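Asks:
Numbering (my numbering), first residue to last: -2 to 288.
Next comes the structure, spelled out in structure tokens:
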């Protein structure tokens, strides 16, 4: 039994050694032919080239990122510069538009001033009291400019001529005007189309309506909303036929023989900037015909 085991081990050992010799011979043969050396070169080249590729891609990505950050910073700076220039441009554009509008208003005032029959003084409003029931406007012309108490004050606004009020206080270089909306201001007025005469009185509100009194009830059907109310020119307080406002409401009161008429003023007092004080006692030496 021991003999058989010994013979089996020797046989298998011989087979193992044979296989080992064959494999070893194959390896030596491949090494002598350069096959293994070629494979190592290929493997090394593949590994190194792949690593180089990824290093290049990573480096290129980092460089691109840095350049992008720099470009973004440059673009942001240029954007801020352009934004500032745009603000300056918008500011200049608005200023130019305001200057053009101001020039148009002044040209309108000057042309109208020259077309009036009477001597007149163009003035700027420098202060205003819009509170209470009286109100007042302060202008930058006084006695040194020829302004006197009770002179009528008119204006042209958006192409429309209208009554502003009258001078009540005169200083050396400034004057105070009682505006049309004051409850103390009353003007002899006429309905332009019917020629009926009444009295226009302020209601105390700069944005409110005026009251037209003493128009007979029997002409109610002749007066319509939108009818123009003008100065009558009586008593020489104001020039004749200067617009005061337009009829906005007509009501018949059962206990009164006169109509209750509301008037919307021609002049928007909250936006009024320039007025014209008229001296009815002297002619306008600068009068020209305005077409």
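Heads up, the beta-carbon is just placed ideally off N, CA and C, and yes, glycines get one too.
Since the structure is predicted, the reported quantities are computational estimates derived from the model, not experimental observations.
Hey, which unbroken runs of the beta strand (DSSP E) at 3 residues or more fall wholly within the segment 94 to 168?
Replies: Here the runs fully enclosed are 115 to 126, 133 to 136, 149 to 154 and 157 to 167.
Asks: Excluding sequence positions up to five away, which residues of its chain have a Cβ less than 7 Å from the Cβ of residue 169?
Replies: Reading the chain shown from its first residue, position 172 is the one you call residue 169. Once the five neighbours on either side are set aside, the close Cβ partners of residue 169 are 139, 140 and 141.
Asks: Mind checking which residues open and close the beta strand (DSSP E) that includes residue 199?
Replies: Residue numbering aside, residue 199 sits at position 202 when the chain shown is read from its first letter. Segment 194 to 199, the beta strand (DSSP E) holding residue 199.
Asks: Exposed or buried, what is residue 134 when buried is set at 16 or more other beta-carbons lying within 10 Å of its beta-carbon?
Replies: The residue labelled residue 134 in the question sits at position 137 within the chain shown. When all chains shown are included, residue 134 counts as buried.
Asks: By the 10 Å Cβ neighbour count, where 16 or more other Cβ atoms means buried, how is residue 199 classified, buried or exposed?
Replies: For the purposes of this step, residue 199 is taken as residue 202 along the chain shown, with counting starting at 1. Buried is the call here.
Asks: If we ignore side chains and look at the alpha-carbon of each, how far apart do residue 107 and residue 167 end up?
Replies: Reading the chain shown from its first residue, position 110 is the one you call residue 107. Reading the chain shown from its first residue, position 170 is the one you call residue 167. Cα-Cα distance, rounded: 23 Å.
Asks: Using 8 Å as the threshold, is the segment 208 to 226 in touch with the segment 148 to 168, meaning 3 or more CB pairs across them?
Replies: No, they do not touch.
Asks: When DSSP labels each residue in this structure, what does residue 216 get in the three-state scheme?
Replies: Numbered from 1 along the chain shown, position 219 holds the residue referred to as residue 216. It is helical.
Asks: Out of 279, 197 and 253, which one is the CA nearest neighbour of residue 244?
Replies: Residue numbering aside, residue 244 sits at position 247 when the chain shown is read from its first letter. Answer by Cα proximity: 197.
Asks: Return yes when the Cβ of residue 178 is within less than 8 Å of the Cβ of residue 195, no when it is not.
Replies: One-based indexing of the chain shown puts residue 195 at position 198. One-based indexing of the chain shown puts residue 178 at position 181. Taking 8 Å as the Cβ cut-off, residue 195 and residue 178 do not qualify as a contacting pair.
Asks: What are the residues that DSSP puts in a beta bridge with residue 185?
Replies: As a working note, residue 185 is residue 188 in the chain shown. DSSP, once it has assigned bridges, lists 196 as partnering residue 185.
Asks: With distances taken between CB atoms, is the gap from residue 163 to residue 173 smaller than 8 Å?
Replies: The count along the chain shown starts at 1 and reaches residue 163 at position 166. The count along the chain shown starts at 1 and reaches residue 173 at position 176. Against a cut-off of 8 Å, the Cβ pair of residue 173 and residue 163 comes out as no contact.
Asks: Using a Cβ-Cβ cutoff of less than 8 Å, which residues in the same chain neighbour residue 231 once the five nearest sequence positions on both sides are dropped?
Replies: Start at 1 with the first residue of the chain shown, and residue 231 comes out as number 234. If we look at residue 231 and ignore the five residues flanking it on each side, its Cβ neighbours are 185 and 194.
Asks: Roughly how many whole angstroms lie between the Cα atoms of residue 268 and residue 220?
Replies: Sequence index remark: in the chain shown, residue 268 carries index 271 (1-based). Sequence index remark: in the chain shown, residue 220 carries index 223 (1-based). Going from the Cα of residue 268 to the Cα of residue 220 covers about 29 Å.
Asks: Please list, in chain order, all residues of the same chain as residue 31 whose beta carbon is under 8 Å from its beta carbon, the five residues on each side excluded.
Replies: The sequence position of residue 31 within the chain shown is 34, counting from 1. Confidence is the limiting factor: at residue 31 the pLDDT is only 48, short of 50, which leaves the residue's position unreliable and the question unanswerable from this model.
Asks: Based on Cα-Cα distance, which residue from 122, 124, 119 and 114 lies nearest to residue 279?
Replies: Along the chain shown, one-based indexing puts residue 279 at 282. Taking only the C-alpha atoms, the option nearest residue 279 is 114.
Asks: One question on the structure: do residue 206 and residue 259 come within less than 8 Å of each other, judged by their Cβ atoms?
Replies: Translated into the one-based positions of the chain shown, residue 206 becomes position 209. Translated into the one-based positions of the chain shown, residue 259 becomes position 262. Their beta carbons are under 8 Å apart, which means residue 206 touches residue 259 by this criterion.
Asks: So for residue 209, helix, strand or coil by DSSP?
Replies: As a first step, residue 209 is located in the chain shown; it is residue number 212 there, counting from the start. Note: residue 209 maps to strand in three-state DSSP.
Asks: Taking residue 255 and residue 214 to be in contact with their CB atoms under 8 Å, please state how far apart those CB atoms are, rounded to whole angstroms.
Replies: Taking the first residue of the chain shown as 1, we reach residue 255 at position 258. Taking the first residue of the chain shown as 1, we reach residue 214 at position 217. Going by Cβ atoms, the distance from residue 255 to residue 214 rounds to 7 Å, so yes, they are a contact pair.
Asks: Which runs of the beta strand (DSSP E) at least 3 residues long sit entirely within the segment 213 to 270? Give them in chain order.
Replies: Fully enclosed beta strand (DSSP E) runs of 3 or longer: 225 to 228, 240 to 249 and 256 to 262.
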